[in-house]
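>
2 protein chains.
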Amino acid sequence: MTVTIYDVAREAGVSMATVSRVVNNNPNVKPATRKKVYEAIERLGYRPNAVARGLASKKTTTVGVVIPDISNAIFAEVARGIEDIANMYHYNIILCNADKKKDKEIRVINTLLEKQVDGLLFMGGAVTDEHLQAFKTANVPIVLCATSDESGQIPSVDINHEDAAYDAVKNLLEQGHTRIAMISGTLQDPSIGYARFQGYKRALENAGIAYDDTLVRIGNYRYESGADAMKYFIELDKRPTAVFSATDEMAIGAIHSIQDHGLKVPSDISVISVDNSRMASMVRPQLTAVAQPMYDIGAVSMRLLTKLMKKENVDQSKVVLPHEIVVRQSVGGV
Amino acid sequence: MTVTIYDVAREAGVSMATVSRVVNNNPNVKPATRKKVYEAIERLGYRPNAVARGLASKKTTTVGVVIPDISNAIFAEVARGIEDIANMYHYNIILCNADKKKDKEIRVINTLLEKQVDGLLFMGGAVTDEHLQAFKTANVPIVLCATSDESGQIPSVDINHEDAAYDAVKNLLEQGHTRIAMISGTLQDPSIGYARFQGYKRALENAGIAYDDTLVRIGNYRYESGADAMKYFIELDKRPTAVFSATDEMAIGAIHSIQDHGLKVPSDISVISVDNSRMASMVRPQLTAVAQPMYDIGAVSMRLLTKLMKKENVDQSKVVLPHEIVVRQSVGGV
DNA sequence: CTGTTAGCGCGTTCAA
DNA sequence: TTGAACGCGCTAACAG
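Heads up: the sequence lines are chains C and H, in that order.
Start counting the first sequence at 1; every next residue gets the next number (the numbering used here).
Start counting the second sequence at 1001; every next residue gets the next number (the numbering used here).
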């Protein structure tokens, strides 16, 4: 039924070793022989069995990717960066959604390891001791991608989320705002939640503004939660003149909420966020945001992983990509 | 270095066959033996090698997914549906972006087949003879997902794109519009481009309205192209009173373009589209659209694939999922 | 430049 | 209920 390297060998009148050589582009084959083999391959419709190859060579040319949720635009962008580079180096990726749930993450890491992936890209929630434990039993390289790692032992590529938030809020401060609210993600989420919240606090502190927790609402990253948070702020006695949102989507919810209350962005209330997803320029007014280079985070982490897999030595195993503020129309002076 | 089934056997004082049985939940093992084996596994930190398993059993419990572009929200949603169901049936997915390019598609199909996937989910552009050819050499089941197939020989799950477009335009017609423009995708794209364009024409025809090709612009699915097309329509001598867009994103571009020209949606110009992505409710006015159940398309196609892989017989190998119109605020009477 | 020979780690008969 | 032995399809020395 299935044609093997052995069939090709017989058809071409050579040994299977020779067939293996031509399939693997080993130069030690006489051109004439090579030609014979290629013809036999063609005639028989031979297709190399990567599983057998993987068993014999202990390399599968596939890497595992654990991601929170591929249907989230931000992560999908990272995934595209990963896949493009993987493709470039002839790797395939096995994609697993884990929704930032620790149990699910540990589980998929293990099945990925069972599948003998040559490396692992981990994008998740907090990296706990259990994660570290699982990583340790892997004897393949791992790089964290858009995920922070308190321990600092695992190679990683991300932006500095706290600085990004800090810069966003600083921008508001520079426009003269002093009553600045925040729509945060859950503080359990280390990078997007906690770090950005810390950046917000630090920026206020540096400006000598007292932190006021009535000006902070926790959202769930969705549009509606941004709108809800904004509604709350608007109804405050002393409403804020500017809002910092941890993500674009919540920021857009906030903008629409402001407009629905008959107020204007940015003249009544300014809005800024971190992400700069494609949606940022698809609202009116267009959203000013600190850009998170998601595609690059994916691409760079995959590139780093290829180096690790090839045992090349890397000078930087913890890379922090730069972020920058993209000024559009949602922020104005006070 | 790596601990094998053989090490476990020795540690537990049984044969490797027995270890294999307990790992595979074969009932023919005495509980006491099973326990011994489990303990040995635990002690040694044994992890089954799925590659070796795949070679021996000729099953990899992984399926290949070729997708146009994972960073596109629509496809990412499908992918999530696929992965959820795959996960449920203990399959993993290898994800390959192919950008609807035929060459790339053929290439990844082949490498996926080399990797011995147990099945293939294909989401691409047109299904050509070359595709059919590649599919034929696969001896694993294949299902087309959100992709049309002229030949009708391959199992598939999709919506009826022409009907969806027809229904969208009909909605406009029912509101009394007669000058209806269309922002189309490329006609080379069978489902989103060509089929939706045909639906548009058929709806006009049924209403006795002559087709006017000055009222059709081809976009590239992006926001900007929608805005550009709309700009063109607005500057027409006899501008349309309604616009049908092949996708949400272009529709949103159109809405903003209308607003930028000082006109209003829907009182001056109505807008409708097909997709109903999350963004549809993230614009003002919120977008009325025919809903494409992307998650379900992914989930159902994966479910179908599992049946095919298990050689269960399926009554429907060509499933067409229903679409429905989601009325929001972007369409009004003429 | 080419062929022979071992495994790679595991599933699976077939006996016992 | 258990074990011995073979083979899955291929890579990788090692000879020649």
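Glycine is no exception: its CB is placed at the ideal position from the N, C-alpha and C atoms.
Taking only beta-carbon atoms, is A52 of chain C less than 8 Å away from chain H?
So, interface residue.
> M294 of chain C: buried (16+ other C-beta within 10 angstroms of its C-beta) or exposed?
The residue in question, M294 of chain C, is buried, as its Cβ has 16 or more Cβ neighbours within 10 Å.
> May I ask you to report which of helix, strand or coil DSSP gives S1317 of chain H?
Looking at S1317 of chain H - three-state DSSP - the assignment turns out to be coil, as it is neither helix nor strand.
> Name, in chain order, the residues that DSSP records as bridge partners for S1335 of chain H.
Outside the modelled stretch of chain H, which goes from 1001 to 1334, sits residue 1335 of chain H, for which no answer is possible.
> Consult DSSP for A291 of chain C and reduce its assignment to one of helix, strand or coil.
Three-state result, A291 of chain C: strand.
> Near S1317 of chain H, what residues of its chain come up, given a Cβ to Cβ distance below 7 Å and the 5 sequence neighbours on each side ignored?
Here the set comprises P1155.
> Taking E1324 of chain H as the reference, which of H:K1170, H:D1189 and H:A1079 has the closest Cα?
That would be H:K1170, whose Cα lies nearest to the Cα of E1324 of chain H.
> Answer with yes or no whether the minimum CB distance from G45 of chain C to chain H is below 8 Å.
At least one chain H Cβ lies under 8 Å of G45 of chain C.
> According to DSSP, is V66 of chain C helix, strand or coil?
Correct three-state label for V66 of chain C: strand.
> Drop a sphere of 10 angstroms on the beta-carbon of S1071 of chain H, count the other beta-carbons inside from all chains shown, and report buried for 16 or more, exposed for fewer.
Buried, since its Cβ has 16 or more Cβ neighbours within 10 Å.
> Output needed in chain order: residues of the segment 245–265 of chain C with a Cβ under 7 Å from some Cβ in chain H.
If the cut-off is 7 Å between Cβ atoms, the segment 245–265 of chain C has I252, H256 and Q259 near chain H.
> To test your reading of the DSSP string, which unbroken beta strand (DSSP E) runs of 3 or more residues are found completely within the segment 103–145 of chain C?
119–122 and 142–145, all fully within the segment 103–145 of chain C.
> Cβ atoms of V1320 of chain H and A1165 of chain H: under 8 Å apart, would you say?
No, the pair does not count as a contact, with Cβ atoms beyond the cut-off.
> So, does the CB of K1170 of chain H fall closer than 8 Å to a CB anywhere in chain C?
So no, K1170 of chain H is outside the interface.
> Does chain C have any CB closer than 8 Å to the CB of I1297 of chain H?
No - not a single Cβ of chain C is within 8 Å of the one on I1297 of chain H.
> Would you check if the distance between the CB atom of I1272 of chain H and the CB atom of F1233 of chain H is smaller than 8 Å?
Result no, Cβ atoms of I1272 of chain H and F1233 of chain H do not sit closer than 8 Å.
> Can at least three beta-carbon pairs, one atom from the segment 89–105 of chain C and one from the segment 1093–1112 of chain H, be found at a separation below 8 Å?
Short answer: they touch.
> Between the segment 203–211 of chain C and the segment 274–286 of chain C, can you find at least three pairs of beta-carbon atoms closer than 8 Å?
No, they do not touch.
> Hey, quick one: how far does the beta strand (DSSP E) through E324 of chain C stretch, first residue to last?
It spans E324 to V326 - the beta strand (DSSP E) in which E324 of chain C sits, taken as one unbroken run.
> Determine the direct distance from the alpha carbon of S267 of chain C to that of G340 of chain C, and round the result to whole angstroms.
Residue numbering for chain C in the displayed model covers 1 to 334; residue 340 of chain C lies beyond these limits and cannot be assessed.
> Quick check on K101 of chain C - is its C-beta less than 8 Å from some C-beta in chain H?
No, because no Cβ of chain H sits closer than 8 Å to the Cβ of K101 of chain C.
> Can the beta-carbon of V22 of chain C be found less than 8 Å from the beta-carbon of R34 of chain C?
Contact flag set, yes.
> Taking its Cβ as the centre, do 16 or more other Cβ atoms sit within 10 Å of D228 of chain C, making it buried, or is it exposed?
Counting Cβ neighbours within 10 Å, D228 of chain C comes out buried, since at least 16 surround it.
> Please report the Cβ distance between A146 of chain C and D163 of chain C, rounded to the nearest whole angstrom; I am assuming they are in contact, meaning their Cβ atoms lie under 8 Å.
The pair is not a contact, with the Cβ atoms about 15 Å apart (cut-off 8 Å).
> Closer than 7 Å by C-beta to V1283 of chain H: which residues in its own chain qualify, once you throw out the five before and the five after it? Chain order, please.
Excluding sequence neighbours, V1283 of chain H sits near I1252 and I1255.
> Could you name the residues of chain C that M1282 of chain H contacts, counting a contact when the two beta carbons are closer than 9 Å?
Residues of chain C passing the Cβ test: Y223, E249, I252, G253, H256, M279, M282 and V283.
> Let me make sure I understand the geometry here. Which of C:V300, C:L173, C:S225 and C:N25 has the alpha-carbon closest to that of R202 of chain C?
Measuring from the Cα of R202 of chain C, the nearest candidate turns out to be C:L173.
> Short of 6 Å in beta carbon distance, which residues of its chain neighbour A1242 of chain H, apart from the five on each side in sequence? Order them along the chain.
Same-chain partners within the cutoff: L1172, H1177, I1180 and S1270.
> Taking only the alpha-carbon atoms, compute the straight-line gap between E42 of chain C and F1135 of chain H and give it to the nearest angstrom.
Their Cα atoms are separated by approximately 17 Å.
> Comparing the C-beta of D69 of chain C with each C-beta of chain H, is any distance below 8 Å?
Yes, its Cβ sits closer than 8 Å to a Cβ of chain H.
> Rounding to the nearest angstrom, what Cα-Cα distance links N49 of chain C and N1110 of chain H in this structure?
Each residue's Cα considered, the two are about 11 Å apart.
> Starting from the Cα of G125 of chain C, find the closest Cα among C:T306, C:G262, C:E205 and C:I192 and give me that residue.
Minimum Cα distance to G125 of chain C is reached at C:I192.
> Say whether chain H places a C-beta atom closer than 8 Å to the C-beta of A289 of chain C.
By this cut-off, A289 of chain C is not an interface position.
> Excluding the 5 residues preceding and the 5 following I1074 of chain H in the sequence, name in chain order all residues of the same chain whose CB lies nearer than 7 Å to its CB.
Once the five neighbours on either side are set aside, the close Cβ partners of I1074 of chain H are D1275, S1277 and M1294.
> Hey, out of C:P68, C:A280, C:E249 and C:V78, whose CA is closest to I106 of chain C's CA?
When only C-alpha atoms are compared, the closest one is C:P68.
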